[in-house]
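Report on the structure given below.
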Amino acid sequence: MEGVENENVYGKAEEYWKQASADVDGMLGGFAHLHTPDIKDSKAFIQQLKKKNLLMNMDYALDCGAGIGRVTKHLLMPLFGKVDMEDVVDELIKKSDDYIGNDARVGQKFVEGLQTFTPPEGRYDLIWIQWVSGHLTDSDFIEFFQRCKQGLRPGGCIVLKDNLAGGEKDEFDEEDHSWTRPEAKVLNLFTEAGLQMAVSKTQTGFPKGMYKVKMFALK
2 MEGVENENVY GKAEEYWKQA SADVDGMLGG FAHLHTPDIK DSKAFIQQLK
52 KKNLLMNMDY ALDCGAGIGR VTKHLLMPLF GKVDMEDVVD ELIKKSDDYI
102 GNDARVGQKF VEGLQTFTPP EGRYDLIWIQ WVSGHLTDSD FIEFFQRCKQ
152 GLRPGGCIVL KDNLAGGEKD EFDEEDHSWT RPEAKVLNLF TEAGLQMAVS
202 KTQTGFPKGM YKVKMFALK
């Protein structure tokens with residue numbers, strides 16, 4: 002993986018997302034029907050974290066790879082007092098104004114790739130990273146999650162929600178220039194980043210034949 006020229010991969014991935022339609026179908030790669038079960042299970046997972054005292058406060062969240070704000074609007078804003086957004090594509094972040102509307106709960110909007118993005122220190126109760134970590138090389142994945150640790154408030158946690166490869170090797174998508182990693186590899190990267198997996202849950206309600214999707218809460 003690290004043998005691929007990083008800047009080339011990141012540039013191509015950004016170009017792919019610049020071409021995506023600025024709607025829910027575009028954000029889900031043509032799978033708009035996944036939206037409802039996705040949000041439902043994510044909400045239940047956050048409530049589980051709250052019950053287990055893994056998420057102590059619900060004041061401020063960060064949506065990484067936010068796009069137009071699908072997760073921001075439907076998952077995070079109903080639960081948190083304020084939500085910041087991060088995405089590499091300026092056009093998608095701008096489109097979030099139309100998709101979400103003028104809402105005081107939307108905080109800062111960061112236009113930057115995760116490979117260089119540093120969350121503001123000590124700001125967030127929850128950092129939510131969904132369907133975007135596959136765009137990071139292994140070393141950038143580890144370093145990004147290390148920076149996320151510094152972005153948490155006491156009692157906060159990081160959640161990664163992503164596809165998992167069924168085999169033992171990474172799978173590279175030539176279209177969107179992302180990797181799908183096996184679960185064992187993802188867990189190993191968490192350890193290398195100095196994070197502990199507190200609880201995980203498999204997404205339900207998706208059609209058969211798709212990648213397995215899991216949520217991991219990290220402390």
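Numbering (our numbering), first residue to last: 2 to 220.
Ideal Cβ placement from N, Cα and C applies to all residues, glycine included.
Closest by C-alpha distance to V25, when choosing among Y17, G12, A67: A67
As assigned by DSSP and simplified to three states, the class of F118: coil
Contact set for K96: own chain, Cβ-Cβ below 6 Å, skip 5 residues either direction: A23, I69
Alpha helix (DSSP H) runs wholly inside the region 116 to 164, at least 4 long, in chain order: 139 to 152
Boundaries (first-last residue) of the alpha helix (DSSP H) holding Q48: 36 to 52
Same chain, Cβ closer than 8 Å to I143, five either side skipped, listed in chain order: L190, E193, A194
Cα-Cα separation, M57 to S43: 17 Å
Rounded separation between G108 and K83 - CA only: 6 Å
Local Cβ density within 10 Å of G167, reported as buried at 16 or more and exposed below that: exposed
F32 - DSSP class collapsed to helix/strand/coil: coil
Through-space distance from L137 to V10, alpha-carbon basis: 9 Å
CB contact flag (S201, G135, <9 Å): no
Residue of V160, D91, P208, Q131 minimising C-alpha distance to L35: P208
Cβ pair count under 8 Å reaching 3, the region 105 to 122 against the region 158 to 166: no
Whether V90 touches K19 by CB criterion (9 Å): yes
Contact check, R148 vs D126, beta carbons under 9 Å: no
From A14, K53, V187, M211, residue whose alpha carbon lies closest to that of D88: A14
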